[in-house]
Amino acid sequence: MNNKIKRYIPQILTILFVFLIFGFFTINAQVNMDNRGIDFGFGFLKQEASFDMQFTLLDYDGQDSYMWAYVVALLNTLLVSFLGIIFCTILGVIIGVARLSGNFLIRNSAAWYVEFFRNIPLLLQIFFWYYAALRALPLPEKAEPWFGVTYMTIKGYYIPSMIWENLNVFLSCLLASIISIIFIKIYAKKIQEKEGKQLPVLYISLGLITILPLLSFLFGGVTLDFELPVLKQLAKTSFIFEGGISLPPELIALVLALSLYTSTFVAECVRAGIQGISKGQKEAAASVGLNPNQILKLVIMPQALRIIIPPTTNQYLNLTKNSSLAAAIAYPDLVLVFAGTALMQTGKAIEIVGITMLTYLTISLSIAALMNWYNKRIEIKEK
Amino acid sequence: MKISLSKIKSNNYITNIYLGTFLFSLSIFDVFLYSFLNINITSFLPGNLSLFFPLIIGFIGLSFIRMEYSGIKIIDNLNKHINTSNFNALLTLIIIFALLKALPPALSWMILDANISGDTKQACTGTGACWTYIKVWFKRFMYGMYPNEMHWRINSAFILVIALGFVGYFFKDNLKKYLALYYVVIYPIIAFLIIYYLISGGSFGLVWVETGAWGGLSLTFIVSFFCLIFCFPLGMILALGRRSNLPAIRYTSICYIEFWRGVPLITVLFMSSVMFPMFLPEDFFMDKLVRVIIAITLFEAAYCAEVIRGGLQALPRGQYDAAKSLGMGYWKMHIFVILPQALKLVIPGIANTFLALVKDTPLIFVVGLAEIAGMLALAKTNPKWLGFAMEGYIFAAIIFWIICYAMSKYSYNLEQKYKTER
Numbered sequence: 008m009n010n011k012i013k014r015y016i017p018q019i020l021t022i023l024f025v026f027l028i029f030g031f032f033t034i035n036a037q038v039n040m041d042n043r044g045i046d047f048g049f050g051f052l053k054q055e056a057s058f059d060m061q062f063t064l065l066d067y068d069g070q071d072s073y074m075w076a077y078v079v080a081l082l083n084t085l086l087v088s089f090l091g092i093i094f095c096t097i098l099g100v101i102i103g104v105a106r107l108s109g110n111f112l113i114r115n116s117a118a119w120y121v122e123f124f125r126n127i128p129l130l131l132q133i134f135f136w137y138y139a140a141l142r143a144l145p146l147p148e149k150a151e152p153w154f155g156v157t158y159m160t161i162k163g164y165y166i167p168s169m170i171w172e173n174l175n176v177f178l179s180c181l182l183a184s185i186i187s188i189i190f191i192k193i194y195a196k197k198i199q200e201k202e203g204k205q206l207p208v209l210y211i212s213l214g215l216i217t218i219l220p221l222l223s224f225l226f227g228g229v230t231l232d233f234e235l236p237v238l239k240q241l242a243k244t245s246f247i248f249e250g251g252i253s254l255p256p257e258l259i260a261l262v263l264a265l266s267l268y269t270s271t272f273v274a275e276c277v278r279a280g281i282q283g284i285s286k287g288q289k290e291a292a293a294s295v296g297l298n299p300n301q302i303l304k305l306v307i308m309p310q311a312l313r314i315i316i317p318p319t320t321n322q323y324l325n326l327t328k329n330s331s332l333a334a335a336i337a338y339p340d341l342v343l344v345f346a347g348t349a350l351m352q353t354g355k356a357i358e359i360v361g362i363t364m365l366t367y368l369t370i371s372l373s374i375a376a377l378m379n380w381y382n383k384r385i386e387i388k389e390k
Numbered sequence: 225m226k227i228s229l230s231k232i233k234s235n236n237y238i239t240n241i242y243l244g245t246f247l248f249s250l251s252i253f254d255v256f257l258y259s260f261l262n263i264n265i266t267s268f269l270p271g272n273l274s275l276f277f278p279l280i281i282g283f284i285g286l287s288f289i290r291m292e293y294s295g296i297k298i299i300d301n302l303n304k305h306i307n308t309s310n311f312n313a314l315l316t317l318i319i320i321f322a323l324l325k326a327l328p329p330a331l332s333w334m335i336l337d338a339n340i341s342g343d344t345k346q347a348c349t350g351t352g353a354c355w356t357y358i359k360v361w362f363k364r365f366m367y368g369m370y371p372n373e374m375h376w377r378i379n380s381a382f383i384l385v386i387a388l389g390f391v392g393y394f395f396k397d398n399l400k401k402y403l404a405l406y407y408v409v410i411y412p413i414i415a416f417l418i419i420y421y422l423i424s425g426g427s428f429g430l431v432w433v434e435t436g437a438w439g440g441l442s443l444t445f446i447v448s449f450f451c452l453i454f455c456f457p458l459g460m461i462l463a464l465g466r467r468s469n470l471p472a473i474r475y476t477s478i479c480y481i482e483f484w485r486g487v488p489l490i491t492v493l494f495m496s497s498v499m500f501p502m503f504l505p506e507d508f509f510m511d512k513l514v515r516v517i518i519a520i521t522l523f524e525a526a527y528c529a530e531v532i533r534g535g536l537q538a539l540p541r542g543q544y545d546a547a548k549s550l551g552m553g554y555w556k557m558h559i560f561v562i563l564p565q566a567l568k569l570v571i572p573g574i575a576n577t578f579l580a581l582v583k584d585t586p587l588i589f590v591v592g593l594a595e596i597a598g599m600l601a602l603a604k605t606n607p608k609w610l611g612f613a614m615e616g617y618i619f620a621a622i623i624f625w626i627i628c629y630a631m632s633k634y635s636y637n638l639e640q641k642y643k644t645e646r
């Protein structure tokens, strides 16, 4: 009896506490909204947004609805996160491996890189790139071409755009090659388990993924043209580039800062992963008669990845959440467009902040769930 | 004597050392001359070859001096640390040359061509940085819009708070058991009162200064200090809640932690500034700074909780069982047995959370509180001081870097100090 009470009283108190807080907030919110003449509801999502965004991936103009503005802004957020994740992974792996190098200079430069970029607030880094570094770039008419066809100017980075014909043929060829690679991998695994032979899967897949799309150019009627950015004079002193794709400076500053900052954390994860494997594993593998390539592929990497991937995913998640700092330099991401402009226009604070938070929450929780599933799968099953 | 490029023989290793050292130093000398004095001694070579010349001869030089043992200390050290293989030698050269190339422009911009005298924009005549700008705005960057003649109030409040923080060191042995009580309950209250009465003012003959005027680095300190103090106990409670075997408490904690960890801080700050007032009674006014501190505390507490949970999970079951077998209850067990060990384990994690907190404070800029990033934005758009964004951001970056680096080194020392063998 005594024990039961001991178990139930704290629980009931907790639930009561939570309910009281929520109840208090709800009642206050209702009173406040009544007083200000605001009603609660999501009908505003269908209304005309009537504001512009300077950078979008999909077609958008002021006549579209708030709903569409939300989708476009979300895509902008995802674009920044995607680019950031790619660059921070590349940089992070290089720096992480360099931190373990036997070369004194390389090891220490990598360590200083990590110490440097990790200890400066991300917001300051974004500001630095956007307001200081990228503002020092030349005007369009004075820009020197990089790699011949791209132009880095104060108004953004101009790259050629691709004009495809029969893109779907090309894409289906690419898809076909990927599917066949998966099948070959499964087949190779079967062969290895049965006969102990290893097929050169890497070379076969490389060949497939280049040859099949190439064939689509030769026989599928696929053509690819590049539209180059061309300098155009608007007025006596004002020039712009036309054609091609222009990446705005906000995007560049954001991706730069995010990937430099997050790469330091990824580098630490990679280093920890490689260091976490005992030397005995390598020696044991060598004594079984595996060659260095096989040791890396079959013994070291599978174990290192088990240590590296979970914390690295966490960093990717952090990067995605940090991309919301875009609002500070006016890159039209979810927070700026939706929680900023749309909120100011409609005044629906609760709904809009709620939707924004829920979006990030969904992204985070779904990736966390995926990670848990992956962790369970690769866990060392002890007997 | 003949020189063989492919194989080093024992009888010509002296020649190899001389030749290799000569080539290696020549390559460094060439880059040095070019970057510091702008003399190109290889200008007679055609185009790209002139550019890659030092790399090539340095590479050849390093491959000459690479040998098992030479008897010369410097060369043996070189071979051991930076010259183990062709690939390493190449990377070494690239790093050395990049440093040599980058140093002179950076030096001349930061120091040699920089200006610090005078107090107007016109004083900055050099091509380098204009540190005059930092000098003139220094007080603003530190204290925000706080009235100039009252800066002593902020300074003395900080000194008092820091001094009180060290009081714990001087506790007598019979008072040591109250240490935790002091730091978790009494110290925050005293610190709050000091900051409220001294910085805010309004009584004891001090003029009231509203929080809108607070700013600069001192605001960063105030916000991170309070968040740090409050988020730790809250995180501890949440961590215990998540490990509890009472389902209602466990799920409440899990929901709380996962919610706050799933959203970016910037949306939390937006919530605190636009949505939170809607949830409060109509005539109830809460200062923006207080709302922001509450928001950041709630946010960081979730991260803190996860770190502490890691420590709790790492403790072996035997510790719990031993404590229970001594007849300890839940709270006694946790306070005297579990938490002291668990917290010791998570010092690096906690330090990382605090570091993240300090690095997150500039974000309060987005809700209109002018801490250092906000003051920089203000100074940058001042018509009298246009065009010095670079100096401002570098200044702020250096300050934050020093703070964060010192914190991480301190946490490393703590970790070493409290490390116990298991």
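Note that the protein sequences, when read in sequence, are chains A and B.
This note's numbering puts the first residue of the first sequence at 8, with every later residue one more than the last.
This note's numbering puts the first residue of the second sequence at 225, with every later residue one more than the last.
Don't be surprised by glycine CBs; every beta carbon is placed ideally from N, CA and C.
This structure is a prediction, so every number in the text was calculated from the model and none was measured.
Verify the CB distance criterion: does Leu372 of chain A have a CB-CB separation below 9 Å to chain B?
Against the first sequence, residue 372 of chain A aligns to sequence position 365. Yes, Leu372 of chain A counts as interfacial toward chain B.
Kindly indicate which residue of B:Ile446, B:Val516, B:Ala529 has the alpha-carbon position closest to the one of Leu417 of chain B.
Against the second sequence, residue 417 of chain B aligns to sequence position 193. Selected option, being the one with the closest Cα: B:Ile446.
Who does Ser72 of chain A pair with in a DSSP beta bridge?
Here residue 72 of chain A corresponds to residue number 65 of the first sequence, with the count starting at 1. Bridge partners of Ser72 of chain A: A:Glu55.
Check this for me: beta carbons of Ile302 of chain A and Lys289 of chain A, under 9 Å apart or not?
As a working mapping, residue 302 of chain A is identified with position 295 in the first sequence. As a working mapping, residue 289 of chain A is identified with position 282 in the first sequence. Going by C-beta atoms, Ile302 of chain A is nearer than 9 Å to Lys289 of chain A.
Whole-angstrom distance between Asn272 of chain B and Leu581 of chain B, CA atom to CA atom:
Counting from 1 along the second sequence, the entry for residue 581 of chain B is found at position 357. Counting from 1 along the second sequence, the entry for residue 272 of chain B is found at position 48. Approximately 49 Å, taken between the alpha carbons.
Looking at chain B, which residues of the stretch 104-117 of chain A have a Cβ within less than 8 Å of any of its Cβ atoms?
Listed by position along the chain: Ser108, Gly109, Asn110, Phe111, Leu112, Ile113, Ser116.
Identify each residue in the stretch 350-366 of chain A for which the Cβ-Cβ distance to at least one residue of chain B is less than 7 Å, and report them in chain order.
Leu350, Ala356, Ile357, Val360, Thr363, Met364
If you draw a straight line from the alpha carbon of Phe123 of chain A to that of Trp625 of chain B, how long is it in whole angstroms?
Counting from 1 along the first sequence, the entry for residue 123 of chain A is found at position 116. Counting from 1 along the second sequence, the entry for residue 625 of chain B is found at position 401. Roughly 7 Å separates the two Cα atoms.
CB-CB under 7 Å to Ile265 of chain B, same chain, minus the five flanking residues each way: which ones, in chain order?
Here residue 265 of chain B is taken as the residue at index 41 of the second sequence, counted from 1. Excluding residues within five positions, the ones whose Cβ falls inside 7 Å are Asp254, Leu257.
So if I threshold CB-CB distances at 8 Å, which residues from the stretch 476-488 of chain B count as touching chain A?
Thr476, Glu482, Phe483, Arg485, Gly486, Val487, Pro488
For my contact list, Ala603 of chain B and Gly616 of chain B are in at a C-beta cut-off of 8 Å; report their separation, rounded to the angstrom.
Counting from one through the second sequence, the residue named residue 603 of chain B turns up at place 379. Counting from one through the second sequence, the residue named residue 616 of chain B turns up at place 392. Under the criterion of beta carbons closer than 8 Å, Ala603 of chain B and Gly616 of chain B qualify as touching, at roughly 6 Å.
Spell out whether any CB of chain C is found under 9 Å from the CB atom of Asn303 of chain B.
Considering every chain present, this structure includes no chain C. Its protein chains are A and B.
Determine the extent of the beta strand (DSSP E) in which Gln240 of chain A is found, giving its start and end residues.
Along the first sequence, read from residue 1 onward, the residue named residue 240 of chain A stands at position 233. Looking at the DSSP string, the run of the beta strand (DSSP E) that includes Gln240 of chain A is 237-240.
Where the stretch 578-604 of chain B meets chain A: residues whose CB sits under 9 Å from a CB there
Leu579, Val582, Lys583, Asp584, Thr585, Pro586, Leu587, Phe589, Val590, Ile596, Ala597, Leu600, Ala601, Lys604
Report the start-end ranges of each beta strand (DSSP E) in the stretch 538-567 of chain B that is 3 residues or longer and not cut off at the edges.
If we require 3 residues or more, the stretch 538-567 of chain B turns out to have no beta strand (DSSP E) run fully inside it.
Round the Cβ separation of Glu506 of chain B and Cys451 of chain B to the nearest angstrom and send it over; I've been treating them as touching at under 8 Å.
Walking along the second sequence from the start, residue 506 of chain B turns up at place 282. Walking along the second sequence from the start, residue 451 of chain B turns up at place 227. Not confirmed; about 28 Å, so no contact.
Option in A:Ser187, A:Thr348, A:Leu107, A:Ala143 with minimal Cα separation from Ala56 of chain A
Reading the first sequence from its first residue, position 49 is the one you call residue 56 of chain A. If we check each option's Cα against that of Ala56 of chain A, A:Thr348 comes out closest.
Glu506 of chain B at chain A interface by Cβ criterion, 9 Å:
Position 282 of the second sequence, counting from 1, holds the residue named residue 506 of chain B. For Glu506 of chain B, the answer is yes, since a Cβ of chain A falls inside 9 Å of its Cβ.
Chain B beta carbons: is any one of them nearer than 9 Å to that of Glu122 of chain A?
In the first sequence, residue 122 of chain A corresponds to position 115, counting from 1. Chain B, which has a Cβ nearer than 9 Å to the Cβ of Glu122 of chain A, makes this yes.
Classify Ile34 of chain A: buried if its beta carbon has 16 or more other beta carbons within 10 angstroms, exposed otherwise.
Start at 1 with the first residue of the first sequence, and residue 34 of chain A comes out as number 27. Answer is exposed; the Cβ neighbour count stays below 16.
Flag this pair as yes or no: are the beta carbons of Thr157 of chain A and Ile166 of chain A separated by less than 9 Å?
What you label residue 157 of chain A is simply residue 150 of the first sequence in a count that begins at 1. What you label residue 166 of chain A is simply residue 159 of the first sequence in a count that begins at 1. Contact flag set, yes.
Does Met169 of chain A pass the burial test, meaning 16 or more other C-beta atoms within 10 Å, or should it be called exposed?
Residue mapping note: residue 169 of chain A aligns to position 162 of the first sequence, counting from 1. Result: exposed.
For a contact defined as C-beta to C-beta under 8 Å, what are the partners of Tyr651 of chain B on chain A?
There is no way to answer for residue 651 of chain B, as the model of chain B reaches only from 225 to 646.
Considering Cα atoms alone, identify which of A:Thr84, A:Arg313, A:Lys53 is closest to Gly69 of chain A.
Position 62 of the first sequence holds residue 69 of chain A. Considering only alpha carbons, the answer is A:Lys53.
Does the Cβ-Cβ distance between Ile574 of chain B and Val531 of chain B come in under 9 Å?
Here residue 574 of chain B refers to the residue found at position 350 when the second sequence is read from its first residue. Here residue 531 of chain B refers to the residue found at position 307 when the second sequence is read from its first residue. Pairing Ile574 of chain B with Val531 of chain B gives a Cβ-Cβ distance under 9 Å.
If you check the beta carbons only, do Leu350 of chain A and Ile336 of chain A fall under 9 Å apart?
Taking the first sequence and counting its residues from 1, the one referred to as residue 350 of chain A is at position 343. Taking the first sequence and counting its residues from 1, the one referred to as residue 336 of chain A is at position 329. No, the Cβ-Cβ distance between Leu350 of chain A and Ile336 of chain A is not below 9 Å.
Short of 8 Å in beta carbon distance, which residues of its chain neighbour Gly354 of chain A, apart from the five on each side in sequence? Order them along the chain.
Locating residue 354 of chain A in the first sequence gives position 347, counting from the first residue. If the five residues before and after Gly354 of chain A are omitted, its C-beta is found closer than 8 Å to the C-beta atoms of Ile45, all from its own chain and listed in chain order.
Interface partners of Arg312 of chain B on chain A, CB under 8 Å:
Numbered from its first residue, the second sequence carries residue 312 of chain B at position 88. At residue 312 of chain B the sequence reads Asn, which differs from the Arg that was named. The contacting residues are Ser108, Gly109, Asn110, Ile113.
Under 9 Å, do Tyr527 of chain B and Gly459 of chain B count as touching if we go by C-beta distance?
Residue 527 of chain B sits at position 303 when you count from the first residue of the second sequence. Residue 459 of chain B sits at position 235 when you count from the first residue of the second sequence. Their beta carbons are under 9 Å apart, which means Tyr527 of chain B touches Gly459 of chain B by this criterion.
For a cutoff of 9 Å on Cβ pairs, would you count Trp625 of chain B as touching chain A?
Stepping through the second sequence from its first residue, residue 625 of chain B is reached at position 401. Residue contact with chain A for Trp625 of chain B: present (Cβ-Cβ distance below 9 Å to some residue of chain A).
So what does DSSP say about Pro329 of chain B, is it helix, strand or coil?
Residue 329 of chain B sits at position 105 when you count from the first residue of the second sequence. If DSSP states are grouped into helix, strand and coil, Pro329 of chain B belongs with the helices.
DSSP on Gly163 of chain A, reduced to helix/strand/coil?
Looking up residue 163 of chain A in the first sequence gives position 156. In this structure, Gly163 of chain A counts as strand in the three-state DSSP scheme.
Identify, in the order they occur along the chain, each residue of the same chain with its Cβ nearer than 8 Å to the Cβ of Gly350 of chain B, setting aside the five sequence neighbours on each side.
By 1-based counting over the second sequence, the position of residue 350 of chain B is 126. Result list for Gly350 of chain B: Asp337, Ala338, Asn339, in chain order.
Residues of chain B with CB closer than 9 Å to the CB of Val38 of chain A, please, in chain order.
If you number the first sequence from 1, residue 38 of chain A lands on position 31. Residues of chain B passing the Cβ test: Pro505, Glu506.
Going by beta carbon distance, what residues of the same chain come within less than 8 Å of Glu595 of chain B, once the five residues before and after it are set aside?
Position 371 of the second sequence, counted from the start, is the residue given in the question as residue 595 of chain B. Same-chain partners within the cutoff: Gly368, Gly439, Gly440, Leu441, Leu443, Thr444, Val447, Thr585, Pro586, Ile588, Phe589.
Applying a beta-carbon distance threshold of less than 7 Å, which residues of chain A neighbour Ile518 of chain B?
Working through the second sequence from its first residue, we reach residue 518 of chain B at position 294. Going along chain A, no residue has its Cβ under 7 Å from Ile518 of chain B, so there is no contact; the nearest lies around 13 Å.
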